[in-house]
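Shown next as structure tokens:
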């Protein structure tokens with residue numbers, strides 16, 4: 004068992020396992036070869052979230068049940084994971100690149116004295132070596148990063164980068180661990196947990212997205228896009244240059260250094276189609292793109308294309324949308 008486990012941290016929010024956990028399980032199973040995919044789940048004694056996780060077919064779910072975990076601080080979770088890792092010696096540990104994952108993972112990395120690659124867009128194994136792919140140098144190149152001398156190897160992956168797939172008749176071992184020492188974070192007390200969806204999460208999970216590029220930045224197009232978004236129940240996202248616009252920020256960005264999205268409908272307005280952007284839209288089901296340049300690369304990624312002005316397109320679209 005030593006060195007041959009891939010761990011996936013089961014992220015939950017208000018008692019619900021987050022989709023990125025299922026996405027990581029599916030990817031881990033895809034690349035595991037002869038390694039075991041093990042989910043690490045921390046929960047209160049009145050919860051049984053392992054039943055939801057079983058549907059995605061990990062080899063094992065390690066459950067740590069303790070009522071103190073209901074409101075546990077991230078540092079407390081990291082301490083428990085570090086103790087468990089010292090016992091089981093996993094090959095790799097995967098987190099979602101979320102607010103929670105970005106908080107727990109570096110704390111655990113420091114305790115284990117190993118490496119951590121954040122915001123990965125792909126993972127693969129070369130033998131026992133985890134190859135972690137992420138954008139770098141201003142998103143102009145994709146880097147393959149390895150951690151050859153330390154274990155476990157650690158990586159965080161953006162939500163919606165991989166597809167989650169349920170397994171038919173999964174056979175999953177559930178192991179409850181009771182011998183870990185709970186180290187209380189005396190300086191931290193969680194008083195209340197409130198469901199709050201950030202702007203970034205809204206773009207990542209939206210079924211309908213209207214994306215704006217440099218060619219759709221004037222006030223007229225913005226107003227029309229906002230009106231269409233209200234009628235469609237869509238979220239508005241932007242390419243990197245528009246994050247400097249007063250109405251937008253990095254939370255609204257789509258692409259390598261922003262959000263990876265998987266909407267049912269994506270409407271691209273004035274977006275040329277650089278790889279930094281198209282990397283983030285590969286999972287969109289239906290893509291409609293508008294650009295004045297008939298040779299714009301974005302059309303290669305589109306189901307429907309309109310060569311022309313974004314404002315004209317939006318006016319016509321709004322006439323047929325009730």
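In my numbering, the protein residues as written are 4 to 325.
Here a beta-carbon is modelled for each residue, glycine too, at the ideal position from N, C-alpha and C.
Only a predicted model underlies this, so the values are computations on that prediction, with no experimental measurement involved.
Item	Value
Residue 31 to residue 224 span [Cα, whole Å]	42 Å
Cut-off 7 Å between Cβ atoms - residues of its own chain near residue 115, not counting five sequence neighbours on either side	85, 88 and 155
Beta strand (DSSP E) segments (min. 3 residues) lying fully within the segment 152–196	156–160 and 176–179
Contact between the segment 253–264 and the segment 228–235 (3+ Cβ pairs under 8 Å)	no
Collapsed DSSP secondary structure at residue 222 in the structure displayed	helix
For residue 211, the residue or residues it bridges with in DSSP	268
Any 3 or more C-beta pairs closer than 8 Å across the segment 120–127 and the segment 178–185	no
Supposed contact pair residue 68 and residue 47 - C-beta distance, whole angstroms, cut 8 Å	7 Å
Closest by C-alpha distance to residue 138, when choosing among 70, 91, 13 and 161	161
Helix, strand or coil at residue 242 [DSSP, three-state]	coil
Selected residue, minimal CA-CA separation from residue 125, among 102, 98, 105 and 52	98
Cβ shell of residue 299 (< 7 Å), same chain only, five flanking positions each side left out	275 and 276
Any beta strand (DSSP E) of 3 or more consecutive residues that is wholly inside the segment 105–140	119–123, 125–129 and 132–139
Enclosing beta strand (DSSP E) for residue 8 [first to last residue]	8–12
Whole-angstrom C-beta distance between residue 185 and residue 1, which should lie under 8 Å	No information on residue 1 is available, as it lies outside the stretch 4 to 325 that the chain covers here.
Buried or exposed (CB count within 10 angstroms, at least 16 for buried), residue 266	buried
Length of the line joining the Cα atoms of residue 27 and residue 19	16 Å
Span separating the alpha-carbon of residue 55 from that of residue 22	11 Å
Residue of 51, 75, 175 and 213 minimising C-alpha distance to residue 190	75
Burial state of residue 214, where buried means 16 or more other Cβ atoms lie within 10 Å	buried
Backbone CA spacing between residue 188 and residue 269 [nearest angstrom]	44 Å
Proximal residues to residue 320 (C-beta, below 7 Å), its chain only, five neighbours per side dropped	231
Cα-Cα separation between residue 249 and residue 222, rounded to whole angstroms	12 Å
Member of 207, 220 and 296 whose CA lies at the smallest distance from the CA of residue 285	207
Exposure of residue 289, with buried meaning 16 or more beta-carbon neighbours within 10 Å	exposed
Close-in-space but distant-in-sequence residues of the same chain around residue 29 (CB under 7 Å, 5 per side omitted)	59, 165, 166, 167 and 168
Collapsed DSSP secondary structure at residue 21 in the structure displayed	coil
heavy atom of the ligand GDP below 6 Å from residue 317 C-beta	Absence of the ligand GDP from the depicted structure is noted, as is the absence of any ligand whatsoever, leaving it without description.
Span of the beta strand (DSSP E), counted from its first residue to its last, around residue 303	Neither: residue 303 is in no beta strand (DSSP E) and is coded neither H nor E.
Beta strand (DSSP E) segment containing residue 39, residue limits	39–46
Spatially closest choice to residue 62 from 35, 251, 81 and 304, by CA coordinates	35
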